[in-house]
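Q: One structure is given below, represented as structure tokens, and several questions about it will come after.
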């Protein structure tokens, strides 16, 4: 076998072992066989190499059914660190994790630069990351990579090139891999690896923040991003920033909800500042009758119909509600949301689908961003910075 082909095969096989240990470990060499399709000799050789590189370590022994002890293997969490940056909310948040996604330290601050000022924002990302590393007493060379979660507005065609990983790496001056993902992609990755979608075959992850987005996850992998936020929920309805009318996002995104509330009260249009605090206050005020309560009832109805459309098209086993605004809605009104989904979904489809709140928590976008480095490591079978 030629040298390049042999190296590619070895990386592929190392990827199989690392993925099995990362998602299902600890496990023994014997248990790795059925999961990877590799023979005992190949597994022993590959594991020896991964142990030498410090990616894998021994994790004690268990007694097998035959009475002989088996050495357990696991990913070594001390191999390196992962950084995740969430730019999808009112604030920018940095997270530092070990290789098994245990949190090490967090940092949050108000964003000063706009998304069109890529250079200025890259400088903020770098200074925040270095402050985080200093606080955690972690050296920059020990960082395996940085993942960044962007709002969907930044992934518009006009800004894609400006926010490419290569350009961001150049602007930050960091000597580590930089990965970029759309917010809903990172939410879906976090839920499929560490949250409510783990172990499920077919899941729709719905993200509601300032806007609305959705992703289809099949067997733990993000299969596609759905432009759900720009499907029509009200023919000839409210204008959307995309140029159309009646879009899901115009009714269910936090910006749309707050605009509708201000209109119902005869108030001036709201600013985009502090949307999370404004929406939280609005949802708390629904205990009383009045415009807020009526608006939330209407919003829950729109959400039920919009999720029902996703269920009818994709027939998932689960729909998971995420995003900072989605979590606010879900924590207060999940029972009402489920009733609305049932009302607007064909019963033969709804019967096989559960609607759940995200399990990865309010930091899911940051966790998913950090996990972009893990995905690269598992796919390559080696340190992504090599």
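Numbering (our numbering), first residue to last: 1164 to 1549. Glycine residues also receive a C-beta, built at the ideal position from the N, C-alpha and C atoms.
Please state if the CB of residue 1442 and the CB of residue 1484 are separated by a distance shorter than 8 Å.
A: Cβ atoms of residue 1484 and residue 1442: not closer than 8 Å.
Q: Write down the C-beta distance between residue 1251 and residue 1314 rounded to the nearest angstrom, noting that I regard them as a contact closer than 8 Å.
A: Going by Cβ atoms, the distance from residue 1251 to residue 1314 rounds to 5 Å, so yes, they are a contact pair.
Q: In the DSSP assignment, find the beta strand (DSSP E) that holds residue 1345 and state where it starts and stops.
A: Taken as a continuous stretch (DSSP letters only), the beta strand (DSSP E) holding residue 1345 covers 1341-1345.
Q: Can you tell which of 1532, 1420 and 1535 has its C-alpha closest to the C-alpha of residue 1455?
A: The option with the nearest alpha carbon to residue 1455 is 1420.
Q: Which two residues bound the contiguous alpha helix (DSSP H) that contains residue 1254?
A: Note, residue 1254: premise wrong, no alpha helix (DSSP H); beta strand (DSSP E) at 1254-1261.
Q: Would residue 1189 count as contacting chain C if we go by Cβ distances under 8 Å?
A: Among the chains in the structure shown there is no chain C, since it carries only a single protein chain.
Q: Does the separation of the CB atoms of residue 1156 and residue 1336 fall below 8 Å?
A: Nothing can be reported for residue 1156: it is not among the residues displayed for the chain, which extend from 1164 to 1549.
Q: Report the residue from 1199, 1531 and 1466 whose alpha carbon sits nearest the alpha carbon of residue 1369.
A: Residue 1369 has its Cα closest to that of 1466, out of 1199, 1531 and 1466.
Q: Counting pairs of beta carbons, one from the segment 1509-1522 and one from the segment 1472-1484, are three or more of them closer than 8 Å?
A: Because the criterion of three Cβ pairs below 8 Å is met, the segment 1509-1522 and the segment 1472-1484 touch.
Q: Please give the ranges of any alpha helix (DSSP H) in the segment 1467-1506, keeping only runs that are unbroken, at least 4 residues long and fully inside the region.
A: Complete alpha helix (DSSP H) runs here, min 4: 1487-1506.
Q: For residue 1417, does the three-state DSSP call read helix, strand or coil?
A: Helix, per DSSP.
Q: Contact between the segment 1386-1399 and the segment 1432-1441: three or more CB pairs below 8 Å?
A: They do not touch, by the three-pair rule.
Q: Are residue 1308 and residue 1527 closer than 8 Å when you measure CB to CB?
A: Contact flag unset, no.
Q: With respect to the alpha helix (DSSP H) encompassing residue 1511, which residues constitute its N-terminal and C-terminal limits?
A: That run of the alpha helix (DSSP H) goes 1510-1513.
Q: Taking residue 1310 as part of the beta strand (DSSP E), name the residues at either end of that continuous run.
A: Residue 1310 -> beta strand (DSSP E) spans 1306-1313.
Q: Name the one or two DSSP bridge partners that residue 1233 has.
A: Beta-bridge pairing links residue 1233 to 1225.
Q: Can you tell me which of the three DSSP states residue 1399 falls into?
A: Looking at residue 1399 - three-state DSSP - the assignment turns out to be coil, as it is neither helix nor strand.
Q: To the nearest angstrom, how far is the alpha carbon of residue 1408 from that of residue 1414?
A: If I take the Cα positions, the gap works out to 10 Å.
Q: Whole angstroms are fine: how far does the CA of residue 1296 sit from the CA of residue 1424?
A: Straight-line Cα distance between these residues: approximately 42 Å.
Q: Give the DSSP bridge partners of residue 1376, in chain order.
A: Bridge partners of residue 1376: 1370.
Q: I need the boundaries of the beta strand (DSSP E) containing residue 1537, first residue and last residue.
A: Careful: residue 1537 lies outside any beta strand (DSSP E), inside the alpha helix (DSSP H) at 1527-1543.
Q: For residue 1191 and residue 1233, I'd like the C-alpha separation in whole angstroms.
A: Each residue's Cα considered, the two are about 6 Å apart.
Q: For residue 1214, which of 1195, 1231, 1236 and 1224 has the nearest alpha-carbon?
A: Looking at the Cα atoms, 1236 is the closest of the given residues.
Q: Rounded to whole angstroms, what's the CA-CA distance from residue 1270 to residue 1522? Just pull it up for me.
A: Going by the C-alpha atoms only, they are around 22 Å apart.
Q: Who pairs with residue 1248 in a beta bridge, going by DSSP?
A: Looking at the DSSP assignment, residue 1248 forms a beta bridge with 1257 and 1311.
Q: Using 8 Å as the threshold, is the C-beta distance between residue 1378 and residue 1385 below it?
A: Closer than 8 Å, so yes.
Q: Alpha carbons only, please: which of 1177, 1264 and 1338 is nearest the one belonging to residue 1244?
A: Ranking the options by Cα distance to residue 1244, first place goes to 1264.
Q: Taking the continuous beta strand (DSSP E) assigned at residue 1266, which residues delimit it?
A: Note, residue 1266: beta strand (DSSP E), 1266-1273.
Q: Report yes if the CB atom of residue 1530 is closer than 8 Å to the CB atom of residue 1504, and no otherwise.
A: No, these two residues do not count as a Cβ contact at 8 Å.
Q: Can you list, in chain order, the residues of its chain with a C-beta nearer than 8 Å to that of residue 1225? Leave out the 5 residues immediately preceding and following it.
A: Closer than 8 Å at the Cβ level, and outside the excluded window around residue 1225, lie 1191, 1232, 1233 and 1235.
Q: Hey, out of 1275, 1292 and 1171, whose CA is closest to residue 1257's CA?
A: Residue 1292 is the option with its Cα nearest to residue 1257.
Q: Could you check the C-alpha separation between residue 1247 and residue 1500 for me, to the nearest Å?
A: The straight-line gap from Cα to Cα measures roughly 31 Å.
Q: Which of helix, strand or coil does DSSP assign to residue 1404?
A: Coil.
Q: For residue 1281 and residue 1524, what's the separation of their Cα atoms in angstroms?
A: Going by the C-alpha atoms only, they are around 28 Å apart.
Q: When you compare each of 1227, 1262 and 1330 to residue 1283 by their alpha carbons, which one comes out closest?
A: The shortest Cα separation from residue 1283 among 1227, 1262 and 1330 belongs to 1330.
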